[in-house]
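Data first, discussion second: the structure below is written as structure tokens.
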DNA sequence: CAGTATCCGATGCGATACTG
DNA sequence: CAGTATCGCATCGGATACTG
């Protein structure tokens with residue numbers, strides 16, 4: 005192979021591809037566009053990536069001028085942020101996602117549907133400021149998932165959101181029942197949340213306030229947001 | 005590693021990235037967007053890629069539904085074409101190139117500048133229909149290139165365009181003199197061709213008709229075209 | 001022309017363990 | 001928390017040779 009991952013062409017498409025399309029990099033950018041800034045925070049979005057490789061990619065992105073750090077390396081305050089050049093990649097990553105949603109079959113019904121990754125994604129997008137102060141506990145039930153991935157709990161305590169796979173033992177404020185494809189379809193903006201609720205494909209049981217405010221405290225994915233901005237939601 | 009180049013996430017960005025951002029794939033798509041359809045034609049645009057790998061990538065792209073073939077495999081008439089899903093990638097590849105042109109330093113002054121690749125690119129974009137019938141011979145001289153990459157000849161005979169690195173012995177109809185960065189800057193649309201001619205950074209000597217019609221017979225790269233469409237050219 | 005088959009070396013990357 | 005260092009192998013991909 006040529007040195008590393010270079011293409012030996014001056015064409016700007018090739019130069020851009022060398023930076024943006026190395027393995028995992030589009031997903032790291034997606035995470036940062038979604039607001040992740042700390043190392044572990046970014047890693048949560050790409051849990052299958054080794055930390056060593058993430059570290060390497062972050063260095064490469066810094067060398068390319070796409071991201072930069074605020075504090076000193078290693079310092080507790082250190083955070084990564086997108087530079088202007090990195091911000092300029094946002095519409096490209098977004099377009100890639102919209103393309104994937106529209107054209108990749110398995111984006112909705114492949115065997116990749118994993119309730120765990122979905123819950124991790126959702127966990128990161130709970131808007132705690134739209135929830136009551138103190139503790140809120142939600143239980144998710146995916147009737148179509150294998151037993152070990154079927155039930156999940158979110159324990160929200162003021163700012164902290166904890167995801168559990170075993171019953172934390174607290175009283176449940178809200179039960180959420182759905183199939184994985186339905187919840188995922190809503191999550192990526194392929195279907196609107198109110199429509200799925202109306203059709204009872206997602207069923208909420210419990211605190212009336214939480215049920216009513218779900219559109220505020222459950223912030224959907226980057227793509228669902230984009231969909232609302234580009235074309236009016238279906239329902 | 006996980007199976008092949010998959011990410012194990014359902015996020016549409018990840019699914020799209022699995023298809024679009026594997027090594028060489030963005031460049032193959034660029035070639036096809038530029039109009040290449042035959043195997044060897046595509047390969048000319050990515051000459052550093054092995055034919056075996058190109059073959060493999062083309063199969064993968066077919067499996068993903070991004071491209072399809074017209075004739076039977078191997079038949080002389082066989083050609084690849086973008087499907088609707090592939091066409092939908094055009095704005096993304098274009099945006100990637102525009103980003104690269106704007107933000108990647110070395111896109112214009114790195115050590116990657118190679119007059120050979122530039123000439124190969126240009127060769128593919130000569131519009132023979134805008135040239136006189138019969139034979140036209142042009143000589144390019146890059147005064148800043150190393151000796152072995154300094155002089156190039158294009159021999160155009162009706163439809164056929166041949167690129168030579170040694171004097172083909174015919175009478176020269178047009179001499180083109182420039183530096184590699186200047187010609188490349190024009191080629192990728194960073195600078196307009198008329199402006200570079202006005203400033204004598206590109207100098208044409210020879211047939212007056214060829215000199216006048218250069219904007220028609222030398223079709224610039226995908227990106228230069230896009231630039232003309234999105235914002236008025238500088239000159 | 002338009003590929004395929006085989007070989008094999010380089011390296012990308014995961015796993016594990018360690019550091020400040 | 002935020003990484004780094006080392007090891008080892010799977011696989012990616014280049015080179016070469018062959019086919020319809």
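Protein chains in written order, with this note's numbering: chain A, 5 to 239; chain B, 5 to 239.
From the three backbone atoms N, C-alpha and C, an ideal C-beta is built for every residue, glycine too.
Predicted, not measured: the structure shown is a model, and the values here were computed from it.
Among residues of its own chain, excluding the 5 on either side of residue i, which ones have a beta-carbon nearer than 6 Å to its beta-carbon?
i	result
residue 163 (chain A)	132
residue 166 (chain B)	159
residue 64 (chain B)	none
residue 10 (chain A)	22
residue 209 (chain A)	179
residue 94 (chain A)	37
residue 174 (chain A)	141
residue 26 (chain A)	9
To which residues of the same chain is residue i closer than 7 Å at the C-beta, ignoring the five residues directly before and after it?
i	result
residue 97 (chain A)	30, 33, 34 and 37
residue 127 (chain A)	158, 165 and 167
With the cut-off set at 8 Å, would you say residue i and residue j are in Cβ contact?
i	j	result
residue 156 (chain A)	residue 187 (chain A)	no
residue 16 (chain A)	residue 227 (chain B)	yes
residue 129 (chain A)	residue 194 (chain A)	no
residue 177 (chain A)	residue 148 (chain A)	no
residue 100 (chain A)	residue 24 (chain B)	yes
residue 103 (chain B)	residue 18 (chain A)	no
residue 105 (chain B)	residue 192 (chain B)	yes
residue 119 (chain A)	residue 217 (chain A)	no
residue 54 (chain A)	residue 125 (chain A)	no
residue 62 (chain A)	residue 28 (chain A)	no
residue 320 (chain B)	residue 154 (chain B)	The first residue shown for chain B is 5 and the last is 239, placing residue 320 (chain B) beyond what the model contains.
Taking the continuous beta strand (DSSP E) assigned at residue i, which residues delimit it?
i	result
residue 71 (chain B)	71-73
residue 85 (chain A)	84-86
residue 213 (chain B)	Segment 212-216 is the alpha helix (DSSP H) holding residue 213 (chain B); no beta strand (DSSP E) there.
residue 202 (chain B)	No beta strand (DSSP E) holds residue 202 (chain B); the alpha helix (DSSP H) holding it covers 197-202.
residue 160 (chain B)	155-161
residue 164 (chain B)	164-168
Just confirm the distance between the C-beta atoms of residue i and residue j, as a whole number of angstroms; I'd bet it's less than 8 Å.
i	j	result
residue 184 (chain A)	residue 13 (chain B)	Actually they do not touch by this definition, with Cβ atoms about 14 Å apart.
residue 59 (chain B)	residue 49 (chain B)	The pair is not a contact, with the Cβ atoms about 15 Å apart (cut-off 8 Å).
residue 221 (chain B)	residue 89 (chain A)	Contact doesn't hold; Cβ gap of about 35 Å is too wide.
Beta-carbon within less than 8 Å of residue i's beta-carbon, same chain only, minus the 5 sequence neighbours each way: which residues are those?
i	result
residue 6 (chain B)	In this predicted model, residue 6 (chain B) has a pLDDT of only 46, less than 50, meaning its place in the structure is not dependable enough to derive any value.
residue 206 (chain B)	180, 181, 182, 186, 187, 190, 197 and 200
residue 85 (chain A)	36, 41, 71, 72, 73 and 74
residue 152 (chain B)	169
residue 219 (chain A)	197 and 198
I'd like the span of the alpha helix (DSSP H) that includes residue i, first residue to last.
i	result
residue 49 (chain A)	43-49
residue 94 (chain B)	94-107
residue 120 (chain B)	119-128
residue 142 (chain A)	Counting along the chain, residue 142 (chain A) falls outside any alpha helix (DSSP H), though it belongs to the beta strand (DSSP E) covering 139-146.
residue 55 (chain A)	55-67
residue 34 (chain A)	29-37
residue 21 (chain B)	16-24
residue 188 (chain B)	184-191
Below 9 Å between beta carbons is the criterion; list the residues of the segment 18-40 of chain B that meet it against any residue of chain A, in chain order.
-> 18, 19, 20, 21, 22, 23, 24, 25, 26, 27, 28, 29, 30, 31, 33 and 34
Closer than 9 Å, Cβ to any Cβ of chain A: which residues of the segment 93-108 of chain B, in chain order?
-> 93, 95, 96, 97, 98, 99, 100, 101, 102, 103, 104, 105, 106, 107 and 108
When Cβ atoms are compared, which residues of the segment 138-165 of chain A fall closer than 7 Å to chain B?
-> none
Chain B contacts made by the segment 176-202 of chain A, where a contact means CB separation under 7 Å = 188 and 192
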